[in-house]
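Counted the way this note's numbering counts, the sequence shown spans residues 269 to 582.
No residue lacks a Cβ here, since even glycine has one placed at the ideal position from N, Cα and C.
Values in this document were obtained by computation on a predicted structure and should not be read as measured data.
Remarks on the structure that follows.
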Amino acid sequence: MRRMWWAATLVVCCVALRELTDAPVVHAEETAAAAAVKPLVLKTRSRVGQSLEEPLTKAVVKEATVEWDPRKTALIICDMWDQHWCKGAAARVEELAGPMNKVIHAARDRGVFIIHAPSTTVDFYKGTPQRRLAQTAPFVKTRFPLATVERWGTAWCYPDGKRESELPIDDTDMGCDCETKCEIVPPWTRQINTIDILEGDAITDHGQETFNLLADRGIDHVIIMGVHLNMCVLGRPFAIRQLVTQGKDVLLVRDMTDTMYCSKSKPFVSHFAGTDLVISHVEKHWCPTILSSDLVGGKPFRFREDKRQDVVGR
């Protein structure tokens, strides 16, 4: 009886050993790779209104959760220059750049394609692999003709009266909110150097190059952040109006942006309240928004000078 028990045990052990030997080996690298392509879980916010002219306060806020394949997602950084003609704007860009760099690293580590778009300064990067990557991407015909009218050194997408109302802030004075108005003389030469540009990233401020890059990678999902929302983040040839018009799924990172708005202009609210109004305008007329915490965790970014106590869902 004891011999039969040992024989049976030996058979079971041999079968188990064979199964272990035949089983596929899962390496640490493969486990890490599998984790890296987990979907981006993004909590979006948008606003639904009855008409274009309906006040933003009457629009219904809608929240949803989307899951995007990071390998089919791009992150565009708009006009985070090394300097700005407005001292207040330059200080806020400097404050924003560090936290933004963490968001960029987190997205890149997940497999998101990073596009740096410091408008009118791309010649600074001439000959770099990141600039060549944009210049050599295969040409693709876009769904609709791209903007060709020039403003501030690039093609420009002006407001679309069929799609959006007037902006909720008056920026006709160009939005400098410094005590002494700054002289409008563009001093920027490159992207601010606290934002890392790494291997595999691209650099462009050109609409056609942007869509070539996206098409070459099969990318339809685009996250955008940077400055300034009421101007370049809406109007540049690689930015929100153009992206949405061409059929891309677009999300604005609402705590990773700023506006050119002076509180002495209509609607006579604080600079940061004015920025929130433009965010609401984008959420109603163009695309949903997310928070940086969706990508890096923790609390959303907030400028030091924003002392408001009643901000909800920032």
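Going by beta-carbon coordinates alone, are residue i and residue j separated by less than 8 Å?
{"i": "G421", "j": "M528", "result": "no"}
{"i": "D473", "j": "P406", "result": "no"}
{"i": "L324", "j": "S560", "result": "no"}
{"i": "L520", "j": "V550", "result": "yes"}
{"i": "T341", "j": "L308", "result": "yes"}
{"i": "E432", "j": "L545", "result": "no"}
{"i": "H539", "j": "D445", "result": "yes"}
{"i": "T389", "j": "Q514", "result": "no"}
{"i": "Q403", "j": "E477", "result": "yes"}
{"i": "K311", "j": "I558", "result": "yes"}
{"i": "I372", "j": "G494", "result": "no"}
{"i": "C425", "j": "K355", "result": "no"}
{"i": "K487", "j": "C555", "result": "Note that residue 487 corresponds to Ile in the displayed sequence, not to Lys. Not closer than 8 Å, so no."}
{"i": "R339", "j": "V305", "result": "yes"}
{"i": "V417", "j": "F479", "result": "no"}
{"i": "G468", "j": "A423", "result": "no"}
{"i": "H489", "j": "D517", "result": "yes"}
{"i": "W353", "j": "V512", "result": "no"}
Since residue i is in the alpha helix (DSSP H), which residue starts that stretch and which ends it?
{"i": "I382", "result": "Run containing I382: none in the alpha helix (DSSP H); it sits in the beta strand (DSSP E), F381 to A385."}
{"i": "T312", "result": "Here T312 belongs to no alpha helix (DSSP H); instead the beta strand (DSSP E) covers L308 to V316."}
{"i": "I634", "result": "Nothing can be reported for residue 634, as the shown portion of the chain is limited to 269 through 582."}
{"i": "T478", "result": "G475 to D484"}
{"i": "A403", "result": "The sequence given here places Gln at residue 403; Ala does not occur at that position. P397 to Q403 is the extent of the alpha helix (DSSP H) around Q403."}
May I ask you to report which of helix, strand or coil DSSP gives residue i?
{"i": "P556", "result": "coil"}
{"i": "V490", "result": "strand"}
{"i": "R624", "result": "Outside the displayed span of the chain (269 to 582) sits residue 624, for which this structure offers no information."}
{"i": "P568", "result": "coil"}
{"i": "V294", "result": "Because the pLDDT at V294 is just 42, under 50, the model does not fix this residue reliably, and the point stays unresolved."}
{"i": "T289", "result": "Note that T289 has pLDDT 39, beneath the 50 cutoff, so the model's placement of it is unreliable and the number below is only indicative. If DSSP states are grouped into helix, strand and coil, T289 belongs with the helices."}
{"i": "K330", "result": "strand"}
{"i": "I460", "result": "coil"}
{"i": "R419", "result": "strand"}
{"i": "A470", "result": "strand"}
{"i": "A284", "result": "Below a pLDDT of 50, predicted positions are generally treated as unreliable, and A284, at 42, falls in that range; no measurement from the model is reported."}
{"i": "E322", "result": "coil"}
{"i": "E551", "result": "helix"}
{"i": "A276", "result": "Legend: pLDDT at A276 = 46, less than 50; position of this residue unreliable, value from coordinates given subsequently. Of the three classes helix, strand and coil, the one that applies to A276 here is helix, per DSSP."}
{"i": "T388", "result": "coil"}
Am I right that residue i and residue j are in contact with their C-beta atoms under 8 Å? What's the rounded C-beta distance?
{"i": "L435", "j": "P505", "result": "Wrong, their Cβ atoms sit about 19 Å apart, outside the cutoff."}
{"i": "Q459", "j": "H384", "result": "6 Å"}
{"i": "D526", "j": "L497", "result": "7 Å"}
{"i": "D387", "j": "D347", "result": "Note on identity: in this sequence residue 387 is Ser, with Asp being the wrong assignment. With a Cβ gap of about 5 Å, S387 and D347 count as contacting."}
{"i": "D391", "j": "W456", "result": "Not a contact, Cβ separation roughly 12 Å."}
{"i": "E363", "j": "F536", "result": "Contact flag wrong, Cβ pair sits at about 24 Å."}
{"i": "K326", "j": "V316", "result": "With 8 Å as the limit, K326 and V316 do not qualify as a contact, their Cβ atoms being about 10 Å apart."}
{"i": "I471", "j": "G542", "result": "Actually they are not in contact, since the Cβ atoms of I471 and G542 sit about 30 Å apart, beyond 8 Å."}
Residue i lies in the beta strand (DSSP E); which residues open and close that run?
{"i": "T440", "result": "It is not in any beta strand (DSSP E) - T440 carries neither H nor E in the DSSP assignment."}
{"i": "R522", "result": "D517 to T525"}
{"i": "A342", "result": "T341 to C346"}
Touch test, the stretch 363-376 against the stretch 459-479, Cβ-Cβ under 8 Å, three pairs minimum: Yes, the stretch 363-376 touches the stretch 459-479.
Three-pair Cβ contact test at 8 Å for the stretch 531-540 versus the stretch 396-406: Not touching, per the Cβ criterion.
Inter-stretch contact (C-beta, 8 Å, three-pair minimum) for the stretch 501-516 and the stretch 565-578: The stretch 565-578 and the stretch 501-516 do not touch, with fewer than three beta-carbon pairs separated by less than 8 Å.
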